[in-house]
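Numbering (UniProt numbering), first residue to last: 1 to 279.
Even glycine gets a Cβ: it sits at the ideal position worked out from N, Cα and C.
What follows is a short report on a single structure.
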Amino acid sequence: MTVAAVAVAGCNNSSNPSSSTGTENTEANAPAATAHSVAGTVAIRGGGTPSQQSKLDISIVDVTAQGSPPLATKEIAPATTFPQSFELDFNPANVATNDLYIVQAQLVDGDRHYTMPLQAPVLTKGNPTTNVNVELMPEQTPGEKLLAAFQGVQKQIGGMKRSSGTKLEKDASLAWQVFRADGEVKFIRELVDYGDKGFTSTDFAYKDGKPWVVQQQKKPSQNAKPSSVDTAGWGDDGSLMLKTHEADGNTSPLDDGDAQSLQQQAKDILNLATGGKGK
């Protein structure tokens, strides 16, 4: 009878015969043999409330057998409440007791993606099947990456070659500074005084001779605080990737028409400041 019991145990662990001979391995694999679900919560680091367009995908993945189908998956949409509880059901017969499983979670909310900075092992090798804590972190959107790169250039203009110019128009007076590096215009800062109609301070950044990012502050007067700040930026393919309007402490999407106007202003000042040469 003892021999028969060992033989049966060996059949049940045919994927790794050595596991049938060690008490420690048997205990470690016990949760995988009996569990039929994994449960826990997903939280967002630093908090936050995703929009109604958000979608949360959660799955149990075998990282030992990469490329294999998930053991279980679940989609929650919209995912607006966090921490978000979850329970993933699966067939215990599909569990390879000697493999490593993790919970994978990803939240997508428009351009914003939230991913896991740390893995969450579960199910086998003594890892939990309940009270699994998953934490998500927001990644920079393409627009935020563009803005960060623009701000980096802003900090470097002090080391660039500089030239300046002025122009008096019927209803405004213009002054500008051009910043060059490696023979190319990288940055133009333009100040326009409209008298009692206000004042604008605009930073234009260029890449390969084309408008890259424009940030325009509108003020009642030159020394006043900005009443609004409009920012627009374009990718290498010319697509609009960054468009924000800040006013009264709030940020909203910049109208596409206003973004196009900023792009045209960037072309106009580049032509004016370089005498039509563009560099």
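Using a Cβ distance threshold of 8 angstroms, A65 and D89 do not count as a contacting pair. In the DSSP annotation of this structure, the continuous segment of the alpha helix (DSSP H) that includes Q260 starts and ends at 256 to 273. Straight through space, the alpha carbons of V63 and P70 are spaced by roughly 10 angstroms.
Counting other Cβ atoms within 10 Å of its Cβ, T231 reaches 16 or more and is therefore classed as buried. For A93, the number of other beta carbons within 10 angstroms of its own is below 16, and it is reported as exposed.
Per DSSP, the beta bridge partners of Q215 are D203, T231.
Cβ atoms of S221 and F187 stay farther apart than 8 angstroms, at about 24 angstroms. Note on geometry: alpha-carbon atoms of M116 and L270 lie some 43 angstroms from one another. Going by DSSP, F150 is part of the alpha helix (DSSP H) stretching over 142 to 154. Listed in chain order, the non-local C-beta contacts of D111 below 6 angstroms within the same chain comprise T141, local neighbours out to five positions each way being set aside. With a threshold of 16 other beta carbon atoms within 10 Å, D268 falls short and is exposed. Annotation for F150: A205, V213 place their beta carbon closer than 6 angstroms to its own, counting only its chain and skipping 5 residues before and after. Using a Cβ-Cβ distance cut-off of 8 angstroms, the stretch 156 to 164 and the stretch 173 to 184 are in contact, since at least three pairs of beta carbons, one from each stretch, lie closer than that value.
From the listed residues V185, V192, E184, G183, the smallest Cα separation to A175 is found for V192.
Assigned with DSSP and collapsed to three states, G40 falls in strand. According to the DSSP secondary-structure assignment, R189 is paired through a beta bridge with Q177, D203. Within the DSSP secondary-structure output, I157 pairs in no beta bridge.
In terms of Cα proximity to K218, the closest of P211, G195, T81, T130 is G195. Here DSSP, grouped into helix, strand and coil, assigns K167 to strand.
Pairing T124 with T97 gives a Cβ-Cβ distance under 8 angstroms. The beta-carbon separation of I58 and A105, rounded to 5 angstroms, stays under the 8 angstroms limit for a contact. Excluding the 5 residues flanking it on each side, P121 has same chain C-beta neighbours closer than 6 angstroms at I102, N127, in chain order. For T73, the pairing in a beta bridge is given by DSSP as S59.
Within the same chain, no Cβ atom closer than 7 angstroms to the Cβ of D248 is found once the five residues on either side in sequence are excluded. L136 and L147 have their C-alpha atoms roughly 23 angstroms apart. For D203 and S85, the gap between their C-alpha atoms comes out near 46 angstroms. For Q215, the closest C-alpha among the options Q52, R189, S54, K279 is that of R189. Counting only unbroken stretches of 4 or more residues, no alpha helix (DSSP H) element lies wholly within the stretch 99 to 130. In this structure, V42 lies away from P78, with their beta-carbon atoms at least 8 angstroms apart.
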